[in-house]
Amino acid sequence: MRRSSLSKHRDTTINKITLKLFRRYPTPADYLAAAPEEIEQDIHKSGFFRQKTKSIRAVCEHLIERFNGVTPTTMAEMLTLPGIGRKTAIVVLGDGMGIAEGITIDVHNLRVTARLGLSTQKLADKMEKEMLELVDKRHWLKWGQWITWHGRRVCNAKRPKCNECLLIDLCPIGQSLIVNLNNGFDD
Ligand code: SF4
1000 MRRSSLSKHR DTTINKITLK LFRRYPTPAD YLAAAPEEIE QDIHKSGFFR
1050 QKTKSIRAVC EHLIERFNGV TPTTMAEMLT LPGIGRKTAI VVLGDGMGIA
1100 EGITIDVHNL RVTARLGLST QKLADKMEKE MLELVDKRHW LKWGQWITWH
1150 GRRVCNAKRP KCNECLLIDL CPIGQSLIVN LNNGFDD
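The opening position of the sequence shown corresponds to residue 1000 in the numbering used here, with each subsequent residue numbered one higher.
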């Protein structure tokens, strides 16, 4: 199976698992009331299910002890949850609650943002800082997703489809391709 098909397959599997989980365990207390083996069985197909079960239970315990079972609404509070990093916090706050606290930078963002000449940073946290300056706050919630989907569908890692790309006029790489093509016609 090709890498992109594998990734789609993994996304589909995770979506099926989470849908079932959210229905079966609507609150943190429900996860803690269940036997760990039961949760392991529910998330078995996602891989590393024992470690993930421990992490889920640890987050739920923290949510109950510190936040009365309610998901916090600030970045600072989110980062106190065990195993929750900035990227997860941005997604939960942004997609779950519509609160813009940052821009998600995944591997697609690192690649596409660099190709577009918007940042030369190689590390996600440094690139995010630059993008937060560059992107209007009203677009923070969607920006990471826009770039991710563009990276998945058009600006692929190995073979970017520059000839189909809507951003070609804005992209240094796309522009250099056009110049090369024109030079080729001149020969
Ligand atoms: S023109 Fe090519 S390199 Fe530039 S963003 Fe589009 S697909 Fe990516």
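Glycine is no exception: its CB is placed at the ideal position from the N, C-alpha and C atoms.
Check Cys-1154 in the structure and name its three-state DSSP category.
One-based indexing of the sequence shown puts residue 1154 at position 155. Correct three-state label for Cys-1154: coil.
Range covered by the alpha helix (DSSP H) that runs through Ile-1038:
What you label residue 1038 is simply residue 39 of the sequence shown in a count that begins at 1. Looking at the DSSP string, the run of the alpha helix (DSSP H) that includes Ile-1038 is 1035–1041.
Simplified DSSP state of Lys-1086, which is helix, strand or coil:
As a working mapping, residue 1086 is identified with position 87 in the sequence shown. Look at Lys-1086 here: in three-state DSSP terms it is helix.
Cα separation between Ala-1099 and Leu-1140?
Taking the first residue of the sequence shown as 1, we reach residue 1099 at position 100. Taking the first residue of the sequence shown as 1, we reach residue 1140 at position 141. Ala-1099 and Leu-1140 have their C-alpha atoms roughly 6 Å apart.
What first and last residue would you give for the alpha helix (DSSP H) that runs through Asn-1162?
Reading the sequence shown from its first residue, position 163 is the one you call residue 1162. According to the DSSP assignment, Asn-1162 belongs to no alpha helix (DSSP H), since it is labelled neither H nor E.
Counting only the same chain and skipping the five closest in sequence on each side, list residues whose C-beta sits under 7 Å from that of Arg-1049.
As a working mapping, residue 1049 is identified with position 50 in the sequence shown. Here the set comprises Glu-1039.
Quick one: what's got a C-beta closer than 8 Å to Asp-1029's C-beta in the same chain, skipping five residues either side?
For this step, residue 1029 is matched to residue 30 along the sequence shown. In chain order, Arg-1023 place their CB closer than 8 Å to the CB of Asp-1029, counting only its own chain and leaving out the 5 sequence neighbours on each side.
For Arg-1110 and Ala-1156, which I take to be in contact (beta-carbon distance under 8 Å), what is that distance rounded to the nearest angstrom?
Mapped onto the sequence shown, residue 1110 falls at position 111. Mapped onto the sequence shown, residue 1156 falls at position 157. Indeed, because the Cβ distance is near 6 Å, the residues count as touching under 8 Å.
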